[in-house]
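Quick notes on the structure that follows.
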Amino acid sequence: MGKLLYSATMSLDGFIAGPDGDMSWLAAHDGPDPESEALAATIGAILVGNRTYGGDDPNRGTDAEGAFGGTWSGPQFVLTHNPPTTPVPDTTFTDDLPGAITAAREAAGDKYVNVLGADTAAQCLALGELDEILVFIAPVLLGDGTRLFTHDGGTTIPLERLNTNHSTPSAHYRVLR
157 MGKLLYSATM
167 SLDGFIAGPD
177 GDMSWLAAHD
187 GPDPESEALA
197 ATIGAILVGN
207 RTYGGDDPNR
217 GTDAEGAFGG
227 TWSGPQFVLT
237 HNPPTTPVPD
247 TTFTDDLPGA
257 ITAAREAAGD
267 KYVNVLGADT
277 AAQCLALGEL
287 DEILVFIAPV
297 LLGDGTRLFT
307 HDGGTTIPLE
317 RLNTNHSTPS
327 AHYRVLR
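In the working numbering, the protein residues as written are 157 to 333.
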């Protein structure tokens, strides 16, 4: 079954969104990126928090709206306590994280389940379910916003670097257990 991969673009000072979830800063850093573009083909399902699912998309209203600049489509599992009353195609709304992880892994097959949203990723990590973290580093300092991870208690989480190409602006790690 699919591994859980938390992927995000992060500012150099550690933020994946600006204040109030602002993602407009990301549009200036979109562009050809072979590693990011190749990632979409390895994703079989998305597990996303409701704030991220309904949040600020810097490509809203364009052909590039949605996950991976609009290039990805498939099953999504959205964590929420308030599901919409109208069904959304290929989208399951649930407040059961362990159940959503199981369903997303099954839907992904041998591909990744891409975790989107800092809080959702932290919850998956706390459950011991997060397998990998892939961070694309944008050359910008946001100064405030949503951190890549907020991990209360000061517990150290060991990681193993997976990518060895140090010339790319990304870091890919395996979560060690």
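Where is the CB? At the ideal position from N, CA and C, for every residue including glycine. No experiment lies behind these values; they were computed from the predicted model shown.
For residue i, which residues of its own chain have a beta-carbon under 6 Å away from its beta-carbon, when the five flanking residues on both sides are left out?
i	result
residue 207	none
residue 257	285
residue 289	162, 329
residue 242	none
residue 158	200, 261, 264, 267, 268, 269
residue 273	204, 205, 208
Take residue i as the anchor and find which of the options has the nearest alpha-carbon.
i	options	result
residue 229	258, 196, 281, 238	196
residue 296	162, 314, 166, 307	166
residue 201	170, 219, 190, 246	246
residue 171	326, 293, 318	293
residue 281	311, 249, 198	311
residue 231	237, 248, 243, 239	248
residue 306	279, 227, 175	279
residue 169	304, 313, 283	304
Evaluate residue i with the Cβ neighbour count: other Cβ atoms within 10 Å of its Cβ, from every protein chain shown; 16 or more gives buried, anything less gives exposed.
i	result
residue 328	buried
residue 225	buried
residue 360	Because the chain is modelled from 157 through 333, residue 360 falls outside the range shown and cannot be assessed.
residue 277	buried
residue 192	buried
residue 271	buried
residue 299	exposed
residue 332	exposed
residue 244	exposed
residue 164	buried
residue 113	There is no way to answer for residue 113, as the model of the chain reaches only from 157 to 333.
Could you compute how far the alpha carbon of residue i sits from the alpha carbon of residue j?
i	j	result
residue 301	residue 275	13 Å
residue 211	residue 318	30 Å
residue 308	residue 240	31 Å
residue 181	residue 209	18 Å
residue 235	residue 254	10 Å
residue 233	residue 160	13 Å
residue 218	residue 227	12 Å
residue 252	residue 259	10 Å
residue 315	residue 326	15 Å
residue 287	residue 223	20 Å
With DSSP as the reference, please indicate the residues paired to residue i in a beta bridge.
i	result
residue 270	161, 202
residue 250	235
residue 293	166
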